[in-house]
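Residue numbers (the working numbering): 1 to 552.
Yeah, the Cβ is synthetic: ideal placement off N, Cα and C, and Gly gets one too.
To start, the structure itself, in structure tokens.
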Ligand code: F6P
């Protein structure tokens, strides 16, 4: 495999050196690191494209950073970045280029796949999306009965849902409040029923978002949406053209579903699902915030792309963030990474990041197909602050797991209200301070705590965190933040020598689900050939269904 790194990760000199270095400094206390270097909190910071990163509260020294940077170099990071931006087929297991960066390239820039510049096509779709979004926003896109559209329902799952819903929530402040937005993803009928129960079909527009247009959950929900619309609007199939648009790469399947391809917004196989919120998959976002604000979002992405592409490895935000994740996952055995946004609008950001990070780097073989003998992608999780503090922070502070945390805060609130924002931000700074420096037994005892209670009240500290501080949550800021994590995932994948752009791990369950669905619903008793547990569960489901049918 041409793209695989010829030197296994654990044989790279920097990896070996990091192991020795960890043995030396792994136990060093953050208290001591700060005491020895009073300027550390200002020195170990980096600012780019409106994001200020304080990484001083990490269990690192200057030597750690030097070795991690050396590891990135030995892992061929520079070459991999260049290959991605050049449109090379770095998604080797699917034989595809990886060009989400082209989705936010300004007009006039040239990014070629197989010699063809893709940027004009990107802008052609953006232009069509803009016209469509404007028509809906101005009440000029009329439904079948002549009423203007008031509710937009995005139907999609995975990358065709998590990006749109996260961006809608994140940018709600900028959204047109005359329109309402709903998101249906789960194949559980409850999701569709609850999302639509108070809607007027005559004023509802469905965006069926699916890269492949074959995903079982989305196709099932789309079919229910079509039935719901036609039933309410008198069964005239011509109503579909007014109430359904599609976002997909699969024009044939879109047409077969009954959506006019004139109402389809395309994208390309070089956009991975989890990297697609800034493609036409972002149509609901664009309708919510308008084409101009959507372009600001793209400008934020692009600014971070350029920083990632051009900044030196040692002064590169996504590189640093990605390398720190490798440091904790592989040398401290950290199995999870918390992301804690202190902004209510970012409440779906951790869920979005889960797909971005875990579907990308949850891999157990290298690009060359060899089993890895080191940890790859950690579990990402989180909740917005301050709610998490009253829930799971106890374990981060006093549990037995080491959980590196990313705290994300803003210097300005979009909803200034009394002292709320100062209190919110005080909690960001207080939490990172408490995690890093804790409270010793001596300090606890000095407060007059009874001896038996002292161990319970001790905070060991030495728990690492990054603080990301931005000015305010604008569309542009969101673009920079998402691109930062996208590229951090790329850095991690490059060091681990895995392919962050395929997701074969989701296939087996999909195939089995189709088979089991047939076995659950067949009129004849099916011949089951699963294991005894699965067979028994299928039989029980069928017999409970039959007995409830016969008693009805
Ligand atoms: O779950 C696997 C996956 O392929 C994701 O990568 C993707 O985002 C999601 O399914 C939805 O796929 P599609 O957009 O093709 O419906």
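Same chain, Cβ closer than 6 Å to residue 437, neighbours up to 5 away in sequence not counted
Excluding sequence neighbours, residue 437 sits near 31, 461.
Could you check if residue 210 belongs to the surroundings of the ligand F6P, using beta carbon to heavy atom distance under 7 Å?
Flag set: Cβ of residue 210 near the ligand F6P.
Under three-state DSSP, which class holds residue 381?
Looking at residue 381 - three-state DSSP - the assignment turns out to be strand.
Output yes or no for whether 8 Å exceeds the beta carbon distance between residue 148 and residue 142.
In this structure, residue 142 lies closer than 8 Å to residue 148 by Cβ.
What does the Cβ neighbour count give for residue 387, buried or exposed, with the cut at 16 atoms within 10 Å?
Counting every other CB atom within 10 Å of its CB across the protein chains shown gives residue 387 a total below 16, marking it as exposed.
Identify, in the order they occur along the chain, each residue of the same chain with its Cβ nearer than 6 Å to the Cβ of residue 487, setting aside the five sequence neighbours on each side.
The beta carbon of residue 487 lies closer than 6 Å to those of 308, 318 in the same chain, with the five residues before and after it left out.
Taking residue 337 as part of the beta strand (DSSP E), name the residues at either end of that continuous run.
Its beta strand (DSSP E) spans residues 336 to 341.
For a test of the three-state rule: what should DSSP assign to residue 40, helix, strand or coil?
In the structure shown, residue 40 adopts helical secondary structure according to DSSP, grouped into three states.
Heavy atom of the ligand F6P within 7 Å of residue 160 beta-carbon
Shortest gap from the CB of residue 160 to any heavy atom of the ligand F6P: under 7 Å.
How about residue 165: is its Cβ closer than 7 Å to a heavy atom in the ligand F6P?
Checking every heavy atom of the ligand F6P against the Cβ of residue 165, none is found closer than 7 Å.
Are the beta-carbon atoms belonging to residue 497 and residue 366 less than 8 Å from one another?
Between residue 497 and residue 366, the gap from beta carbon to beta carbon is short of 8 Å.
Any heavy atom of the ligand F6P within a distance shorter than 7 Å of the CB on residue 359?
Yes, the Cβ of residue 359 comes within 7 Å of a heavy atom of the ligand F6P.
Looking only at its own chain, which residues have a Cβ that is under 8 Å from the Cβ of residue 331, when we skip the five neighbours before and after it?
The residues are 18, 19, 22, 26.
I'd like to check one pair, residue 170 with residue 473: are the Cβ atoms closer than 8 Å?
For residue 473 and residue 170, yes; Cβs fall inside 8 Å.
Candidates 192, 455, 176, of which the one nearest residue 219 by Cα
For residue 219, the closest alpha carbon among the candidates 192, 455, 176 is that of 192.
From this set, 227, 85, 56, which residue's C-alpha is nearest residue 117's C-alpha?
Closest by C-alpha distance to residue 117, out of 227, 85, 56, is 85.
Mind checking whether the beta-carbon of residue 503 lies closer than 7 Å to any heavy atom of the ligand F6P?
Inclusion of residue 503 in the 7 Å shell around the ligand F6P follows from its C-beta lying nearer than that to a non-hydrogen atom of the ligand.
Could you check which residue in 285, 316, 278, 311 has the C-alpha nearest to that of residue 299?
Comparing Cα positions, the closest option is 278.
For residue 93 and residue 502, I'd like the C-alpha separation in whole angstroms.
One C-alpha to the other measures close to 7 Å.
Pick helix, strand or coil for residue 2, following the three-state DSSP scheme.
With a pLDDT of 45 at residue 2, under the threshold of 50, the modelled position of this residue cannot be trusted; read the value that follows with caution. Three-state DSSP puts residue 2 in coil, outside helix and strand.
What residue does the beta strand (DSSP E) around residue 182 start on, and which one ends it?
DSSP places residue 182 in the uninterrupted beta strand (DSSP E) bounded by 180 to 184.
Which residue marks the beginning of the alpha helix (DSSP H) containing residue 224, and which one marks its end?
It spans 216 to 232 - the alpha helix (DSSP H) in which residue 224 sits, taken as one unbroken run.
Beta-carbon within less than 8 Å of residue 178's beta-carbon, same chain only, minus the 5 sequence neighbours each way: which residues are those?
150, listed in sequence order.
Report yes if the C-beta of residue 215 is less than 7 Å from at least one heavy atom of the ligand F6P; otherwise report no.
Checking every heavy atom of the ligand F6P against the Cβ of residue 215, one is found closer than 7 Å.
Relative to the ligand F6P, is the shortest distance from any of its heavy atoms to the C-beta of residue 157 smaller than 7 Å?
A heavy atom of the ligand F6P is found nearer than 7 Å to the CB of residue 157.
Check this for me: beta carbons of residue 160 and residue 273, under 8 Å apart or not?
Yes, the Cβ-Cβ distance between residue 160 and residue 273 is below 8 Å.
Proximity test, residue 274 beta-carbon vs the ligand F6P heavy atom, cut-off 7 Å:
Taking non-hydrogen atoms of the ligand F6P into account, the C-beta of residue 274 is found less than 7 Å away from one of them.
Of all the options 282, 398, 77, which has the alpha carbon lying nearest to the alpha carbon of residue 312?
Nearest C-alpha to residue 312: 77.
Nearest neighbour of residue 429, chosen from 38, 36, 56 [CA to CA]
Ranking the options by Cα distance to residue 429, first place goes to 56.
Three-state secondary structure (DSSP) at residue 286?
Of the three classes helix, strand and coil, the one that applies to residue 286 here is helix, per DSSP.
According to DSSP, which residues form a beta bridge with residue 466?
According to DSSP, which records beta bridges pairwise, residue 466 is partnered with 406.
Using the Cβ count rule (16 or more neighbours within 10 Å means buried), how would you classify residue 513?
With fewer than 16 other Cβ atoms within 10 Å, it is exposed.
Inter-stretch contact (C-beta, 8 Å, three-pair minimum) for the segment 405 to 417 and the segment 519 to 527
Flag = no, the segment 405 to 417 and the segment 519 to 527 do not touch.
Closest by CA to residue 562, which one among 481, 255, 463?
Coverage of the chain is limited to positions 1 through 552, which leaves residue 562 absent and any answer about it impossible.
Taking just the CA atoms, how far does residue 271 sit from residue 607?
The requested residue 607 is not part of the displayed model; the chain covers only 1 to 552.
Am I right that residue 434 and residue 397 are in contact with their C-beta atoms under 8 Å? What's the rounded C-beta distance?
Right, their Cβ atoms sit about 7 Å apart.
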